[in-house]
Amino acid sequence: MKIQFLPSTQMLELAVSGNLLSTNAGRFRVEATEAMDVQSSGTAPWLGVQIDLTDAHMVDSAGLNAIISVIRKLKADGKRALIHVRDPHVYKVCMFTRLDSLAEIVQC
Amino acid sequence: MDDQIQNANSGISRVLVVDDEPVARQQLVFQLAQLNHQVTAVASSADAQDILTREGSEAFDCLITDCWMPGSTGLDLLLWLRQHDLTLASIVISQSTDKDLIKQSFRGGASDFLNKPVSAEELGVAMKRTIQSTHRRRDHAATGSEVKQAGLVQRRMNNLGLAGELPTSLKICYYPHHDAGGDSVAFFSLDETRILVVVADVSGHSLKSAFISAYFQGVLRGMVELGVSMTSILNRFNRFLTHEWLESNEDAGTGQNGDGVSVDHDHDSSPEITSLAVCSALIDLSAGSVSLLNSGFPIPNRVDGNGRPWPCGVVGGYPIGWFDPNPLSELTITADPSDYLVLWTDGLEDFAHQLGIGEWSLAFKILQVKEKRRTPDWLKGTPDDVLMVVIGLNKESKEITRFPVMREIYHRGQIDQIDELQETWRRNLAFAFPQLEVSRLFDILLCTREGVLNGLLHGCPLPSDRCELVMIFNSAVEELQIEITDSGPGHHFDPETCEGGEFRAQHRGLMLIRGLPDRVEQNSKGAAIQMVFLLSPKPEVLNL
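Which chain is which? The protein sequence lines are C and F, in order. First residue of the first sequence? That's 1415 in our numbering, and the numbers climb one at a time after it. First residue of the second sequence? That's 962 in our numbering, and the numbers climb one at a time after it.
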C-alpha cells in the first residue's frame, strides 16, 4: 500500500495496490491505523482519509470490514472518509453494502 | 514398392547417379556395380527429376548427386526431392571440402557427403548406411499409413457399436489425437431394459495398440452375444494380455531386422506390456440400477437430475494386462430415471490438467460442441485421445440441460490459499463461458469466495471436515447454480430473521451472498448455500 499526505486537500491517501481481499485486508488495516496515528501525532492539520481503490477489481467482505474499521476510527475523530473506485463491480459492492452511507464514494 | 522389396531382399539396390562430368560419372557407375548395385546414371539435375518423376522415386534406394552442375545444382535437386519424397535418402559428392557446402548439403536433406575422388571402401560404407536409411524411412511411412487405416477401422467400429435401437439417450464425444490405438466404446442392448456399455482405453498408439483395441472389441462382441458376463470377459482378456500376448511379443520383438541390423523403433512408443483400462456399466432401467466394473479407468460419475455429480466409487483396480489374476470388484448404484452416467478416458483428465482447469469444465465445454465430426481448434492440443460418453438412465431420449461445470472439495487448511482457489474458479469459468460478462464473473467469484471462506472458517472446525463447491449450468434457463456445503452446524443465528445495521456490519459476506446472485437459498442454517446467477445479458440493477 502506498501512503502519502496530500497537502492540497489535507487528506491522507491510502492507495491499495490491487484487490482488497481477505488475504491482504489485515495488513491494510494495520498499516492504515499506523498511518493515521502518525498523522494525528504530527502538527499538520488533516481532514481525513482518501482510500484509493482505483487499482482494485474486487473487494470482499474482509476488505470491506477493514475499510469500515478505518472509517470508524476516522468518525470517532470527526474526520472525513473518501473512497475512490474505478471498477464498476467494486462500486456496486460499495453501494450494495451501504458503504456510501459511511463514506463518500467517488467513481473515477 | 514390389521392386523395392525384391531389391531389399536380394541385397541389390537401385541407385540413381547424377553427375555432369562423364569420367566421374562412369567411375561411380563402375564402383557401384562392383558393390552389386543396379545403377541408373544421368548428367543433370533436370534429367534426374525427369527420371524420378517418370519411374517414381520409390523405384530407387539411393540418390547420389554431384554438387556443382550447370543449371540446377545438386542442392537444388535435393530441395526438389524433399518436396516430392521424404523417404529417398541421398549422398552429395563434391571436389570441394568447403564446410558451408557440407552444412548446406545436410541441411538440404543429404544423408552423407563424400569428397571426390571417392574410394570404394568409403562409398561402400556410405551406400549401406544411406540405403538402410531409405528403407527405414519407408517402413515408418508404411507403418504410419497402416496405423491411420487401423484408426479409421476403429472409429468405424465405435460407430458400429451404436447401430440398432438403444432404449436410452446417449452422447459420445470422441476426439482422437493419434491415428490409431486410443479409446473405444461399445453398446449392447441386452433386452428391452438392460444396456451394457463398455468404454476402453488401450495403452500406446502403435499398430499393436490398434490391434489389441480391435481384438478386444471383437472378443467383447462375441462373448456378450454368447451371454458371458463382463467379469469373465475381462478375466479372459487379462489372461490373454498377461500371457499369450506378452509371450508372442517376446518371440517377435527382437528389435532387429532380417539382416540382424538394429532397427529404429522411435515411432513406436508403446511399452512392452500392452494394457487396457476398461469400465463397463450394466444399466438396468427397470430396476433403476447400474453395475459398474472398473479396471484402471477414471472414476465414472452419476449426474443427478439437478446436474449434481456423484462419483461412483474410488479409483478402479489395475488395468487389464498388468497382473494375473487381476481381482475385479463390482459396484452397484441405484439411479433415478432423471440421472445420467458420465464416463471419460484419462485423455480428458490429462488435457484438463494441461489447460489448468478441472475435468468438469472441460467435459462441459466438450458437450457444447455442436459439430461433432470436426475437432474444434481448442481441442486440437490434446495430448491424448479424448473420449466422453454420457448415457441417460431412462428410456426416453432427452436433452441434457443441467450439467456440472466444477466440483471441488476443500479443507480448513486451504483458507490461506483462497486467492489461488479463486484463480482456479476464474480459469474454469472463463474457459466454460468465454462470453461471460466481466462484471458478472466478479459477482460469481466474490460470492463463491465469501461462501467458501464462510464454509472453511465456520463450517469446518475439525481437520476431517470438508467444504464442497459445486457449479452447475442449466442451459434451459442460462443459469449458473453454485452450491457450497460444509459439514458444520451452520450459523448460531437465524439469517432469515436477522436484519438491521448491526447485522449488516457483522455479516457483510452474507450480505454479498444474499444480494449479488439472482436467487439464493440457504439450508441447514447456512451450512448449505445455493446461489443462482443468470448468465444471459440482463440490465444492471442493484438488488438493494
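The beta-carbon is built from N, C-alpha and C at its ideal position, and this holds for glycine as well. Note that this is a predicted model, so its numbers are computed, not measured.
Residue ranges of each alpha helix (DSSP H) run of no fewer than 4 residues wholly in the segment 1350-1409 of chain F, ordered along the chain?
1379-1393
Do the segment 1247-1267 of chain F and the segment 1287-1298 of chain F touch if we need at least three Cβ pairs shorter than 8 Å?
yes
Residue range of the beta strand (DSSP E) that includes F/Y1136:
For F/Y1136, the enclosing beta strand (DSSP E) covers residues L1131 to Y1136.
Taking the alpha carbon of F/P1261 as the reference point, which residue from F/S1072, F/D1144, F/L1075 and F/M1349 has its own alpha carbon closest?
F/M1349
Cα-Cα separation between F/D1220 and F/I1025, rounded to whole angstroms:
Confidence in F/D1220 is poor, its pLDDT being 35 and thus under 50, which makes the residue's placement unreliable; the coordinate value appears in the next sentence. F/D1220 and F/I1025: Cα-Cα distance of roughly 24 Å.
Tell me which residue opens and which closes the beta strand (DSSP E) that F/C1428 is part of.
C1428 to N1435
Using three-state DSSP, classify F/N997 as helix, strand or coil.
coil
List, in chain order, every chain C residue whose beta-carbon is nearer than 7 Å to that of F/E1411.
D1474 and S1475
Looking at C-alpha atoms only, which residue of F/Q1483, F/K1132 and F/L1151 is the closest neighbour of F/K1331?
That would be F/K1132, whose Cα lies nearest to the Cα of F/K1331.
C-alpha distance - F/I1327 paired with F/G1342, whole-angstrom precision:
14 Å
What number of angstroms, rounded off, separates the C-alpha of F/L1084 from the C-alpha of F/W1041?
Rounded to whole angstroms, F/L1084 to F/W1041 spans 24 Å at the Cα level.
What's the call for F/T1192, buried or exposed, on a 16-neighbour Cβ count within 10 Å?
exposed
Rounded distance between the beta-carbons of C/F1419 and C/V1453, thought under 8 Å:
It is Gln, not Val, that sits at residue 1453 of chain C in the sequence shown. The pair is a contact, with the Cβ atoms about 7 Å apart (cut-off 8 Å).
Check whether the segment 1002-1020 of chain F touches the segment 969-989 of chain F, taking contact to mean three or more Cβ pairs, one atom from each stretch, closer than 8 Å.
yes
Can you name the residues of chain C whose CB is closer than 7 Å to the CB of F/R1469?
S1475, L1478, N1479 and T1511
Between F/F1177 and the rest of its own chain, which residues show a CB-CB distance below 7 Å, the 5 nearest in sequence each way excluded?
A1161, F1198 and L1237
Identify every residue that forms a DSSP beta bridge with F/E1440.
F/N1435 and F/L1495
Taking F/I1443 as the query, report the chain C residues whose CB atoms sit under 8 Å from its CB, ordered along the chain.
What F/I1443 touches in chain C: nothing, since even the nearest Cβ is about 16 Å away.
Tell me whether F/V1086 is buried or exposed, calling it buried when 16 or more other Cβ atoms sit within 10 Å of its Cβ.
exposed
Alpha carbon to alpha carbon, how far is F/D1377 from C/I1455? Give it in angstroms, no decimals.
Before going further, note that residue 1455 of chain C is Ser rather than Ile in the sequence given. Approximately 35 Å, taken between the alpha carbons.
Assuming F/I1405 and F/L1390 are in contact, meaning their beta carbons sit under 8 Å apart, how far apart are those beta carbons, in whole angstroms?
7 Å
Through-space distance from F/R1090 to F/C1023, alpha-carbon basis
10 Å
As a quick exercise: from F/D1100, F/G1069, F/I1054 and F/D1447, pick the residue whose alpha carbon is nearest that of F/N1076.
F/I1054
When DSSP labels each residue in this structure, what does F/P1272 get in the three-state scheme?
strand
Could you tell me which residues DSSP puts in a beta bridge with C/A1429?
C/K1416 and C/D1466
C/T1468 at chain F interface by Cβ criterion, 8 Å:
no
Any beta-carbon of chain C closer than 8 Å to the one on F/L1414?
yes
Going by DSSP, what residue range makes up the alpha helix (DSSP H) through C/R1441?
Counted as a single uninterrupted DSSP element, the alpha helix (DSSP H) harbouring C/R1441 occupies residues A1439 to S1455.
Note down the Cα distance separating F/E1411 from C/G1432, rounded to an integer number of angstroms.
The straight-line gap from Cα to Cα measures roughly 18 Å.
Those residues which DSSP pairs with F/F1149 across a bridge:
F/L1157
Buried or exposed for F/T1203, please, with buried defined as at least 16 other CB atoms from any protein chain shown within 10 angstroms of its CB.
buried
In the DSSP assignment, the beta strand (DSSP E) including F/N1076 goes from what residue to what residue?
Counting along the chain, the beta strand (DSSP E) containing F/N1076 begins and ends at D1073 to N1076.
So what does DSSP say about F/D1285, is it helix, strand or coil?
Three-state DSSP puts F/D1285 in coil, outside helix and strand.
Could you give the distance in angstroms between the alpha-carbon of C/H1498 and the alpha-carbon of F/S1425?
43 Å
Selection from F/H1419, F/D1061, F/R1427 and F/E1439 that minimises the alpha carbon distance to F/Q1396
For F/Q1396, the nearest C-alpha among the options comes from F/E1439.
Where do the ends of the beta strand (DSSP E) carrying F/T1295 lie?
Where F/T1295 is concerned, the enclosing beta strand (DSSP E) stretches over E1291 to T1295.
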